[in-house]
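2 protein chains.
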Amino acid sequence: MTPSQHLDATFAALADSTRRAILARLALGDASVAELAKPFAMSQPAISKHLKVLEHAGLISTAQDAQRRPRKIEGVRLGEATDWLAEYRQFWDRRYSALDELLGQLQARPPKSKRKRH
Amino acid sequence: MTPSQHLDATFAALADSTRRAILARLALGDASVAELAKPFAMSQPAISKHLKVLEHAGLISTAQDAQRRPRKIEGVRLGEATDWLAEYRQFWDRRYSALDELLGQLQARPPKSKRKRH
DNA sequence: GGTTATTATAACTACATGGTTATAGAGAAA
DNA sequence: TTTCTCTATAACCATGTAGTTATAATAACC
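Dropping the structure here:
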C-alpha cells in the first residue's frame, strides 16, 4: 500500500462513530469482540465488519486467546494521519506562525536591551 | 450537526486522495474550480462533486468573482480532527509519556551524582 | 442579441458500505 | 461425544459514492 492508500484507509476507517468508539475503548486496553460489541445496539457480525475495516487500515491488530480474538490498538497509522493534518496547522492554530511564536516569547520574557529594529 | 457528525464528514472527506490534493492546492491560496480541476484526469463535474463533499464537511468555503466560484480552505474542522487524534498520541509518539520525557532530559543532561538505583 | 467562459445540475452506471439473518467453525466444558 | 461459547463468513438489501455525458444557468464579452 502506498502512503496515500494508507491515508485513504485510515481516514475512511475513522469516518464512522462506531469505529471511533471502538478505538476509544481499545485505548483503555485490549478487548474481545464480545466486549467491544456490548455497548452497541448492533449485531455481532456488524461489529466484526467494523473490526475488519479497522484492521485493514492497520489501526488495530488481532491476537488469539482460546476462542477469543482480542483486539489491540496500533498507533502507527494514527501517527501518519496526524502528520498529514499537521501540514495544515496554520489554518486553525493561532500559535502556529513564527511571528506569533516570537510575540508569545516576547510577552513571556520581554528583553531588557539590545532590541533590534529595522 | 453534532461534533460526532462533524468528525464523520471531515474524516470521510479526507479519505480520498483527489480531495486531499485539492486541499493541498488550496493551502497555497484560493483557486477557481477550473484551476483546481486542471491537474486531474477527471471531468469538471467530478471535481465539483468533490468540492461539494469538502464544503459539506466545512473544510472549504465558496466566494464569488463574476462566473468564478473561488474556493478557500477553512481550518476549523481540520483542527477538530487533529484534536480527536491527539487523544491517541501515546500510541505512536515516544515523546508523549512523562517517563519518556524525563528519560530524554536525563539523556540530554546526565546527572553527575545522586543516581538512584533499584 | 449572440457568443464564450465558468460552474452547477441531472440522469445514469458501477461499485462500496453498513446493516441484517442464518450458519459454520474452533475451542472449552461437561 | 455432546454441548456451549465465541467469532467469522455468506447471502442479501438499501443506500452512498465516484465517475461519466449531456445540459442548464450565469456572467462577461463583442
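Chains A and B supply the protein sequences, listed in that same order. Quick note, the first sequence lines up with residues 17 to 134 if you use the working numbering. Quick note, the second sequence lines up with residues 17 to 134 if you use the working numbering. Don't be surprised by glycine CBs; every beta carbon is placed ideally from N, CA and C.
Item: CB contact below 9 Å: F56(A) versus chain B; Value: no
Item: Start-to-end residues for the alpha helix (DSSP H) that takes in R87(A); Value: Element bounds for R87(A): not the alpha helix (DSSP H) but the beta strand (DSSP E), R87 to I89.
Item: Three-state class that DSSP yields for T135(A) in the structure shown; Value: Outside the shown range of chain A (17 to 134) lies residue 135(A), about which nothing can therefore be said.
Item: Contact the segment 22 to 39 of chain A vs the segment 17 to 35 of chain B: 3+ CB pairs below 8 Å; Value: yes
Item: Cutoff 8 Å; reference D116(A); Cβ partners in own chain excluding five residues on either side; Value: R110
Item: Sequence-distant residues of the same chain with beta carbon closer than 8 Å to K130(A), five excluded per side; Value: Because the pLDDT of K130(A) is 44, which lies under 50, any placement of that residue in the model is unreliable, and the question is left without a value.
Item: Cut-off 7 Å between Cβ atoms - residues of its own chain near R41(B), not counting five sequence neighbours on either side; Value: A47 and L52
Item: The segment 87 to 98 of chain A: positions lying closer than 9 Å to chain B by Cβ; Value: I89, E90, G91, V92, R93, L94, G95, E96, A97 and T98
Item: Pair within 9 Å by beta-carbon distance, R84(B) and I76(B); Value: no
Item: 3-residue-minimum beta strand (DSSP E) runs that sit fully inside the segment 66 to 102 of chain A, ordered along the chain; Value: 76 to 78 and 87 to 89
Item: Nearest candidate by alpha-carbon position, reference A43(A), set K54(A), G91(A) and P19(A); Value: G91(A)
Item: Beta-carbon proximity of Y104(B) to L94(A), cut-off 9 Å; Value: yes
Item: Residue(s) in a DSSP beta bridge with A47(B); Value: R87(B)
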